[in-house]
Amino acid sequence: MIRFIRTLIQARQRAPLPLRLTRRRIYILPTRAGMVFAFFLLAMLVAAINYTNNLAFLLTFLLGSISILSAIHAYANLAGLELESARLFPAYCGDDARLQLFFRAGGRERRRLGVRVGTAEDSFSMPARAGREMDLSIPTSRRGLRPLGQVVISTRYPLGLFRAWSPLILPVTGLVYPCPLAADRMDWRSLHGEGDEGALGTVSQSGEFGGVRPYRPEDGLSRVSWKASAKGGGLFAKEFRSGVARTVVFDWYEIRVSDYEERISLLAGLVREAERQGLSYGLRLPGLDIAPGSGMSQAHRCLEALALMPEGS
Numbered sequence: 000m001i002r003f004i005r006t007l008i009q010a011r012q013r014a015p016l017p018l019r020l021t022r023r024r025i026y027i028l029p030t031r032a033g034m035v036f037a038f039f040l041l042a043m044l045v046a047a048i049n050y051t052n053n054l055a056f057l058l059t060f061l062l063g064s065i066s067i068l069s070a071i072h073a074y075a076n077l078a079g080l081e082l083e084s085a086r087l088f089p090a091y092c093g094d095d096a097r098l099q100l101f102f103r104a105g106g107r108e109r110r111r112l113g114v115r116v117g118t119a120e121d122s123f124s125m126p127a128r129a130g131r132e133m134d135l136s137i138p139t140s141r142r143g144l145r146p147l148g149q150v151v152i153s154t155r156y157p158l159g160l161f162r163a164w165s166p167l168i169l170p171v172t173g174l175v176y177p178c179p180l181a182a183d184r185m186d187w188r189s190l191h192g193e194g195d196e197g198a199l200g201t202v203s204q205s206g207e208f209g210g211v212r213p214y215r216p217e218d219g220l221s222r223v224s225w226k227a228s229a230k231g232g233g234l235f236a237k238e239f240r241s242g243v244a245r246t247v248v249f250d251w252y253e254i255r256v257s258d259y260e261e262r263i264s265l266l267a268g269l270v271r272e273a274e275r276q277g278l279s280y281g282l283r284l285p286g287l288d289i290a291p292g293s294g295m296s297q298a299h300r301c302l303e304a305l306a307l308m309p310e311g312s
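According to numbering that gives the first Met the number 0, the sequence shown is numbered sequentially starting from 0.
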């Protein structure tokens with residue numbers, strides 16, 4: 000019976016995008032402060048009846064009216080709010096994934112709204128007919144597809160006596176890449192490829208100058224382009240192109256690691272390092288071959304394939 004009720008509640012919370020918050024999706028209850036306020040109102044009413052004091056009646060009914068108006072405003076602050084889109088960006092396991100939500104206020108101003116997904120939460124306000132993009136950091140703990148989970152939009156505006164909220168289960172999933180392990184040079188040498196044997200190691204400065212790019216801590220001070228950095232915008236590093244290109248294929252069966260998950264993580268590290276060095280690389284997994292290529296789309300294809308590997312033993 001409890002499972003059946005839970006299923007009904009979850010079915011009610013499922014929401015396609017875009018969506019507009021209506022009365023069917025909004026709940027409202029007194030907060031702890033609201034319960035204390037109601038207790039004092041009841042005590043004031045009992046005292047007013049006991050002493051037949053008209054001023055006490057007037058004050059009690061005035062405060063009661065204010066609390067009712069507070070509930071109405073809390074509900075109205077959510078009603079009509081639009082959630083246009085939601086996207087959970089890929090992230091490496093152990094890092095926070097970026098959740099991007101885009102809201103529209105509709106025809107009224109929205110004040111002190113809160114958004115919570117698990118342990119991540121933030122608050123915002125919007126003028127009428129405006130849009131607002133919200134970013135939340137969602138923790139990740141295992142590779143693969145990560146359902147977004149429940150998104151709760153809430154408000155305690157204006158007095159904090161009532162909390163209006165709308166729990167939503169959105170059709171959004173994110174991809175969590177395997178946690179990459181650092182690949183040493185022995186791993187590089189054992190892989191099939193063509194071209195310079197040292198191309199997969201540290202990039203030498205003896206090659207052709209290829210421009211500048213944002214500085215990374217692993218570049219070292221010798222790679223800093225001080226002339227470009229002096230123009231502002233942060234540090235820049237010199238980039239050199241090797242005269243001989245190399246294509247490598249990362250083969251599942253050539254990684255000499257017995258642990259299943261560690262092998263996946265090591266391959267993820269190899270992919271990331273090859274992409275960092277601007278190489279052409281492919282990936283060979285059980286039942287799947289990814290042709291050599293380069294660029295962020297190639298890195299995503301390889302990391303996605305590794306993330307979606309079945310659970311092993």
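Yeah, the Cβ is synthetic: ideal placement off N, Cα and C, and Gly gets one too.
Notebook entry, point to check: Going straight from the alpha carbon of residue 257 to that of residue 265, what length do you get?
Noted result: 12 Å
Note to self: Assuming the contact rule is C-beta atoms closer than 8 Å, residue 112 and residue 154 should be a hit. Round their C-beta distance to whole Å, please.
What the structure shows: 5 Å
Notebook entry, point to check: Is residue 74 closer than 7 Å to residue 110 when the C-beta atoms are compared?
Noted result: no
Checklist line | Anticipated Cβ contact below 8 Å, residue 98 with residue 135, distance rounded | finding: 4 Å
Checklist line | One or two residues paired with residue 96 in a DSSP bridge | finding: 137
Next item on the list: Give me the Cβ distance between residue 307 and residue 267, rounded to the nearest whole Å; I'm assuming they're in contact under 8 Å.
Entry: The pair is not a contact, with the Cβ atoms about 12 Å apart (cut-off 8 Å).
Check: Can you tell me the Cα-Cα spacing of residue 89 and residue 70, whole angstroms?
Finding: 40 Å
Check: In three-state terms, what does DSSP make of residue 105?
Finding: coil
Notebook entry, point to check: Counting Cβ pairs, one atom from each stretch, are 3 or more of them under 8 Å apart for the stretch 18-36 and the stretch 160-167?
Noted result: yes
Next item on the list: Could you tell me if the beta carbon of residue 174 falls within a distance shorter than 6 Å of some heavy atom in the ligand ADP?
Entry: In the structure on display, the ligand ADP does not appear, and there are no ligands present to speak of.
Next item on the list: Let me know the secondary structure DSSP gives residue 88 once reduced to three states.
Entry: coil
Item checked: Rounded straight-line distance, which links the Cα of residue 81 to that of residue 105 -> 7 Å
Check: Hey, how far is the Cα of residue 294 from the Cα of residue 255?
Finding: 27 Å
Check: For the candidate residues 297, 249 and 152, whose alpha-carbon lies nearest to that of residue 115?
Finding: 152
Note to self: Suppose you measure from the CA of residue 205 to the CA of residue 278; what does that come to, to the nearest Å?
What the structure shows: Residue confidence is low: residue 205 scores 41 on pLDDT, short of 50, so the model does not pin down where it sits. No coordinate-derived value is stated.
Notebook entry, point to check: According to DSSP, is residue 203 helix, strand or coil?
Noted result: At residue 203 the pLDDT is 36, less than 50, meaning the model places this residue with poor confidence and gives no usable figure here.
Note to self: Could you tell me the alpha carbon to alpha carbon distance between residue 14 and residue 166, rounded to whole angstroms?
What the structure shows: 10 Å
Margin query: Check for me: the alpha helix (DSSP H) holding residue 290 runs from which residue to which?
Written below: Element bounds for residue 290: not the alpha helix (DSSP H) but the beta strand (DSSP E), 287-292.
Next item on the list: Tell me whether residue 46 is buried or exposed, calling it buried when 16 or more other Cβ atoms sit within 10 Å of its Cβ.
Entry: exposed
Check: Going by the CB atoms, is the gap between residue 251 and residue 305 shorter than 7 Å?
Finding: no
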